[in-house]
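K.L.:
Quick note on numbering that gives the first Met the number 0: the sequence shown kicks off at 0 and runs consecutively.
Note that the Cβ used here is the ideal one computed from N, Cα and C, for glycine as well.
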Amino acid sequence: MSPLSLEAFTARFLQIAEPFRRYYERAGFSISFEAYVESIVKALVLAAASTFSVLLFVHSYIFKIAPVFAVSASLTLTLAVLLIFTGFMLYYPVYRAYSRRVSIEKDLPFTVAYMASLASSGMGLERLLERVAVYETNKELRREFFLVLRDIKALGLDTVTALARLSARSPSAALSSFALALREAYMTSGDLKSVLMHYAKLMLDEKTQRLRNLVNTLSMLAEVYTTMMVAAPLMFITMLIVMNILGGGVLVLSPDILILVLTFIVIPFSAVGIYVAIDGLMSRV
């Protein structure tokens, strides 16, 4: 592919990927969206050439398929590989933005409460942001506050603009709302203590409510686990053993096969499903 056609393809691909820009900007990448798309295009070209060559060799010299069918099969599989790769590369920023949002909102109430305690001592906004950026343990929140300080100290932006940029790039709606409220308070009354105390109470109350809901959900999952993984398997295995003794069956399957399926397929996969559900719930708090 010539440099001119590659550039045209990159421009076209950039137009197609434009809806993913807002997710990319909130995903925390260090390179621009245009550079990311360009790297995808280059990877697609290399993947297309290498995948088609390998598949054509396999179809022609290993499976001994006729040349016409070997080329068509290789093209079809190469197209499938490229579509899967493109979908993964475009979806990855969406997943990363979601992961950052969960991480930020998990610790944001405690960060705001810490900021409220600092503001109660009369500390100014810029000094407050510096303290939070230095002592924050959540890496995503620390990164966002360091970017605010970079905008102020390195890029020469005023605090109002830096907070507006924080609100625009944050993957968390809660952090965006908090940054805008902090910005408005700084522009108008300057009473940071009241705003921070209000948001700290609000976010901690929401955190408490989410934890209550989590406890209720975990209680329900515990009952489901007891029913599905303990009581139900014992009941079904007992019934199948009795059926095996009496010579019965289910459709065309013997009780022995059903016991094996229940023991080695149904129960393990059900346990994995419940584990994934619990892990997904616990990762949000």
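Helix, strand or coil, according to DSSP, for Ser29 in the structure here?
P.N.:
To locate residue 29, count along the sequence shown from 1; it is residue 30. DSSP places Ser29 in coil when its eight states are reduced to three.
K.L.:
Are the beta-carbon atoms belonging to Thr158 and Glu125 less than 9 Å from one another?
P.N.:
Taking the first residue of the sequence shown as 1, we reach residue 158 at position 159. Taking the first residue of the sequence shown as 1, we reach residue 125 at position 126. Going by C-beta atoms, Thr158 is nearer than 9 Å to Glu125.
K.L.:
Alpha carbon to alpha carbon, how far is Ala65 from Ala42?
P.N.:
Counting from one through the sequence shown, the residue named residue 65 turns up at place 66. Counting from one through the sequence shown, the residue named residue 42 turns up at place 43. The straight-line gap from Cα to Cα measures roughly 30 Å.
K.L.:
Would you call the segment 60-78 and the segment 26-45 touching, i.e. three or more CB-CB distances under 8 Å?
P.N.:
Judged by Cβ distances under 8 Å, the segment 60-78 makes no contact with the segment 26-45, as fewer than three pairs qualify.
K.L.:
Hey, quick one: how far does the alpha helix (DSSP H) through Ile266 stretch, first residue to last?
P.N.:
Mapped onto the sequence shown, residue 266 falls at position 267. Where Ile266 is concerned, the enclosing alpha helix (DSSP H) stretches over 266-281.
K.L.:
Please report how far the alpha carbon of Ile103 lies from the alpha carbon of Phe263, in whole angstroms.
P.N.:
Position 104 of the sequence shown holds residue 103. Position 264 of the sequence shown holds residue 263. Spanning the two alpha carbons is a distance of roughly 40 Å.
K.L.:
Is it buried or exposed, Pro18, if we count other Cβ atoms within 10 angstroms and call 16 or more buried?
P.N.:
Residue numbering aside, residue 18 sits at position 19 when the sequence shown is read from its first letter. Its Cβ having fewer than 16 others within 10 Å, Pro18 is exposed.
K.L.:
So for Pro18, helix, strand or coil by DSSP?
P.N.:
What you label residue 18 is simply residue 19 of the sequence shown in a count that begins at 1. Residue state, collapsed to three classes: helix.
K.L.:
Looking only at its own chain, which residues have a Cβ that is under 6 Å from the Cβ of Met196, when we skip the five neighbours before and after it?
P.N.:
Looking up residue 196 in the sequence shown gives position 197. Counting only Cβ-Cβ distances below 6 Å, and skipping sequence neighbours, we find Ala115.
K.L.:
From the DSSP output, in three-state form, read off Pro92 for me.
P.N.:
Along the sequence shown, read from residue 1 onward, the residue named residue 92 stands at position 93. If DSSP states are grouped into helix, strand and coil, Pro92 belongs with the helices.
K.L.:
Can you find a C-beta in chain C that's less than 9 Å from the C-beta of Tyr35?
P.N.:
The chain labelled as chain C is not found in the depicted structure, where only one protein chain is given.
K.L.:
Compare the C-alpha of Tyr97 against each of Ala230, Ile15, Pro170 and name the closest.
P.N.:
Translated into positions along the sequence shown, residue 97 becomes position 98. Comparing Cα-Cα distances from Tyr97 to each of Ala230, Ile15, Pro170, the minimum goes to Pro170.
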